[in-house]
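Visitor: The structure that follows is given in the form of structure tokens.
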Amino acid sequence: MIKVLKNYIGGEWIESQSKDVVSIVNPATEEVLAELRLSTTQECSHAIEVAESAFHLWKKVSVPVRARYLFSLQNLLIQNKEELANLITMESGKALAEARGEVQRGIENVENAASITSLIMGDSLSTAATNVEITNYRYPIGVIGAITPFNFPMMVPFWTFPMALATGNTIVMKPSEKTPLLMEKIISLVEQAGFPAGVLNVIFGGHDVVNTLITHPTVKAISFVGSKSVGEYVYREGCKHLKRVQALAGAKNHVIVLKDANIDRAVRDIMGGGFGSAGQRCMAAAVIVVEESIADTFTRKFLEAAKAIRMGNGLDADVFLGPVIRREAQQKTFDYIQKGVDEGANLLLDGRLNLPKKGYFVGPTIFDGVTPSMTIWKDEIFAPVVSLIRVKNLQEAIAVTNQSEFANGSCLFTNNAAAIRYFREHVDAGMLGINLGVPAPMAWFAFSGWKSSFFGDLHANGKDSVEFYTRRKVVTARYEESEI
Ligand code: NAD
1 MIKVLKNYIG GEWIESQSKD VVSIVNPATE EVLAELRLST TQECSHAIEV
51 AESAFHLWKK VSVPVRARYL FSLQNLLIQN KEELANLITM ESGKALAEAR
101 GEVQRGIENV ENAASITSLI MGDSLSTAAT NVEITNYRYP IGVIGAITPF
151 NFPMMVPFWT FPMALATGNT IVMKPSEKTP LLMEKIISLV EQAGFPAGVL
201 NVIFGGHDVV NTLITHPTVK AISFVGSKSV GEYVYREGCK HLKRVQALAG
251 AKNHVIVLKD ANIDRAVRDI MGGGFGSAGQ RCMAAAVIVV EESIADTFTR
301 KFLEAAKAIR MGNGLDADVF LGPVIRREAQ QKTFDYIQKG VDEGANLLLD
351 GRLNLPKKGY FVGPTIFDGV TPSMTIWKDE IFAPVVSLIR VKNLQEAIAV
401 TNQSEFANGS CLFTNNAAAI RYFREHVDAG MLGINLGVPA PMAWFAFSGW
451 KSSFFGDLHA NGKDSVEFYT RRKVVTARYE ESEI
């Protein structure tokens with residue numbers, strides 16, 4: 001009997017009545033791990049109404065008490081770290097070391113949200129006018145809808161619910177239908193931590209659930225993370241339905257390597273940035289822009305390192321490169337590789353060759369001689385495919401980078417302080433790395449994509465998230481001294 005995931009609404013596990021079923025597959029083995037029903041509009045509306053009832057009680061729970069639930073959850077997450085990491089690897093395919101890192105990032109989000117007693121404080125001015133003071137108080141906004149992608153089944157949901165709950169909101173979460181298993185385990189820990197029923201609800205589904213969340217009048221804000229096309233749609237529709245929306249979207253991150261860089265370190269870090277999580281990261285190092293004078297040396301070392309990568313089931317020790325998420329993603333990547341060849345790029349390493357018989361694997365793939373007119377430069381491939389571009393200098397490297405429609409992250413490898421400053425001032429990207437392969441900010445800083453990598457105003461995490469999940473009352477009061 002294959003297990004069927006249930007929704008979690010109002011503190012109860014409820015089976016969806018939908019006839020639309022999808023399999024949850026381990027992408028390394030093709031084994032069916034469980035099934036999921038794509039919940040209906042009515043089921044999602046029910047979850048929203050339950051969250052709304054819970055909101056009226058939860059918003060009155062004192063801030064330190066809300067923080068204590070989060071401290072309990074943090075403790076439970078630490079105790080269950082290894083099980084959580086194993087689950088991530090089984091359903092997403094990423095190597096266990098990376099899954100462990102992802103669990104840690106999730107825990108840090110809980111830790112950040114548990115600081116809510118300080119973070120949520122308002123501010124005040126004692127003498128704004130004669131005998132007049134002004135005080136700013138923060139309040140929750142209501143029911144939040146969260147829609148998350150497959151590639152970080154733990155970290156991304158943790159960008160939403162810990163802070164949403166800490167600030168006094170309730171939430172309906174829709175995890176990716178491709179990697180929903182982890183959320184079931186998280187809910188069991190949330191229950192053990194003692195959170196009241198109805199504050200956190202999970203509804204498994206696809207576009208019907210998304211459409212309900214972004215149009216239902218009771219939902220006050222939407223946090224979306226996923227691809228550009230869906231993100232843009234969620235942002236437009238959510239705003240049309242008068243919601244606060246943050247939509248974190250796709251990427252095509254450029255990494256620049258200058259002639260004075262430590263080449264061995266750059267190769268090591270870009271190896272992780274380009275091929276880690278099988279390139280299925282919104283912060284993946286997808287395009288490497290190298291100064292001409294070191295390009296041959298860099299390319300030779302990079303190719304050698306990529307050839308030494310161990311591919312396989314992420315649960316096996318020493319495996320660095322797991323599969324992509326589904327057969328369709330594998331085929332789409334093969335098509336991109338062919339397109340790169342057809343458009344004239346120089347294929348140095350072909351990830352279509354020597355693959356395991358089972359699983360949706362793509363080997364590390366490297367193209368040299370890529371130009372911004374090529375499809376493989378423009379599109380987010382979301383697979384272990386890295387493009388190399390050779391340039392004369394930093395200015396040209398930045399000009400190439402800034403042509404991309406995406407602007408999530410960008411990195412620079414150099415030891416030249418003036419170059420670092422120039423890069424920071426001129427590159428279009430919200431998250432910059434200096435001598436780093438993946439500059440994903442930690443929980444205390446906003447995840448800050450620009451251009452088509454983000455739609456909205458307030459980003460996830462950091463101080464932005466406190467703003468996103470709260471609204472203000474600013475009280476202006478007169479107290480006449482003459483009336484004492
Ligand atoms: P996706 O856009 O396919 O799915 C994201 C969510 O939207 C899922 O919950 C999915 O069920 C839902 N969805 C998918 N198609 C839909 C549709 N037509 N209508 C309504 N809802 C729909 O993204 P994915 O493949 O799960 O994740 C990969 C993408 O996410 C990549 O583009 C990656 O760059 C991006 N991502 C961005 C960030 C960031 O912080 N900017 C972080 C992680 C992932």
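Numbering of the sequence shown is given in full-length UniProt numbering, commencing with residue 1 and proceeding in unit increments.
Cβ atoms here follow ideal geometry from the backbone N, Cα and C, with glycine treated the same way.
What does the alpha-carbon distance come out to for the pair glutamate 35 and tyrosine 69?
Guide: 31 Å
Visitor: Which residue's Cα is closest to the Cα of valine 156: Pro196, Glu108 and Ala166?
Guide: Of the listed residues, the one whose Cα sits closest to valine 156 is Glu108.
Visitor: Could you check whether the Cβ of histidine 216 sits closer than 7 Å to any heavy atom belonging to the ligand NAD?
Guide: no
Visitor: Determine the extent of the beta strand (DSSP E) in which phenylalanine 413 is found, giving its start and end residues.
Guide: 409-413
Visitor: Near the ligand NAD, which residues have their beta-carbon closer than 6 Å to a heavy atom?
Guide: Per the Cβ criterion, the list is Ile147, Thr148, Pro149, Phe150, Asn151, Phe152, Val156, Lys174, Ser176, Glu177, Gly206, His207, Val210, Val225, Gly226, Ser227, Val230, Leu248, Ala249, Gly250, Ala251, Cys282, Glu380, Phe382, Asn408, Phe447, Gly449 and Ser453.
Visitor: Would you list the residues sitting across from tyrosine 8 in a DSSP beta bridge?
Guide: The beta-bridge partner set that DSSP reports for tyrosine 8 consists of Trp13 and Val202.
Visitor: Classify tyrosine 479 as buried or exposed, calling it buried when 16 or more other Cβ atoms lie within 10 Å of its own Cβ.
Guide: exposed
Visitor: Considering only their Cβ atoms, is the gap separating glycine 142 from glutamate 177 smaller than 8 Å?
Guide: no
Visitor: Tell me the DSSP bridge mates of alanine 221?
Guide: As computed with DSSP, alanine 221 is found in a beta bridge with Ile144 and Arg244.
Visitor: Please go through the region 36-94 and give each complete alpha helix (DSSP H) segment of 4 or more residues, from N-terminal end onward.
Guide: 41-58, 63-79 and 81-92
Visitor: If you measure between the beta carbons of serine 453 and alanine 251, is that distance less than 8 Å?
Guide: Closer than 8 Å, so yes.
Visitor: Using DSSP with H/G/I as helix, E/B as strand and the rest coil, what is serine 387?
Guide: Three-state DSSP puts serine 387 in a strand.
Visitor: Would the beta-carbon of serine 229 fall within 8 Å of that of glutamine 246?
Guide: no
Visitor: Exposed or buried, what is lysine 3 when buried is set at 16 or more other beta-carbons lying within 10 Å of its beta-carbon?
Guide: exposed
Visitor: Tell me which residue opens and which closes the alpha helix (DSSP H) that phenylalanine 298 is part of.
Guide: 292-307
Visitor: Around the Cβ of valine 50, are there at least 16 other Cβ atoms within 10 angstroms (buried) or fewer (exposed)?
Guide: Buried is the call here.
Visitor: Distance, Cα to Cα, alanine 114 vs leucine 165?
Guide: Those two C-alpha atoms are separated by around 10 Å.
Visitor: Take glycine 430 and list the residues in its own chain whose beta-carbon comes closer than 6 Å to its own, dropping the five residues that flank it on each side.
Guide: Ser448, Gly449 and Trp450
Visitor: Reducing DSSP to helix, strand and coil, say where histidine 216 ends up.
Guide: In the structure shown, histidine 216 sits in coil (DSSP, three-state: anything other than H, G, I, E or B).
Visitor: Pick out whichever of Thr470, Val391, Ala477 and Glu191 has its Cα sitting closest to the Cα of valine 257.
Guide: Val391
Visitor: Considering only DSSP beta bridges, list what glycine 276 is partnered with.
Guide: Partner(s): none; glycine 276 has no beta bridge.
Visitor: Checking the sheet assignment: what are the DSSP bridge partners for leucine 349?
Guide: Ile366
Visitor: Using the three-state DSSP reduction, which class does glutamate 30 fall into: helix, strand or coil?
Guide: coil
Visitor: Give me the DSSP bridge partner(s) of arginine 138.
Guide: Partner(s): Arg472.
Visitor: To the nearest angstrom, how far is it from the Cα of isoleucine 144 to the Cα of alanine 99?
Guide: Here the alpha carbon of isoleucine 144 sits roughly 27 Å from the alpha carbon of alanine 99.
Visitor: Do valine 209 and lysine 243 have their C-beta atoms closer together than 8 Å?
Guide: no
Visitor: Using 8 Å as the Cβ pair cut-off and three pairs as the minimum, do the region 191-200 and the region 122-136 touch?
Guide: Fewer than three pairs of CB atoms, one per stretch, sit closer than 8 Å, so the region 191-200 makes no contact with the region 122-136.
Visitor: What's the C-alpha gap between valine 255 and asparagine 169?
Guide: 39 Å
Visitor: Measure the C-alpha to C-alpha separation of valine 225 and threonine 148 and round it to an integer number of angstroms.
Guide: 5 Å
Visitor: I'd like to confirm the pairing. Which residues does DSSP put opposite leucine 321 in its beta bridges?
Guide: Met311
Visitor: If tyrosine 360 and proline 153 are in contact, beta carbons under 8 Å, what's the gap, nearest whole angstrom?
Guide: Actually they are not in contact, since the Cβ atoms of tyrosine 360 and proline 153 sit about 17 Å apart, beyond 8 Å.
Visitor: Report buried or exposed for phenylalanine 275, applying the criterion of at least 16 other Cβ atoms within 10 angstroms of its Cβ.
Guide: buried
Visitor: Exposed or buried, what is threonine 297 when buried is set at 16 or more other beta-carbons lying within 10 Å of its beta-carbon?
Guide: exposed
Visitor: For methionine 173, list the residues DSSP reports as bridge partners.
Guide: Ala146 and Val202
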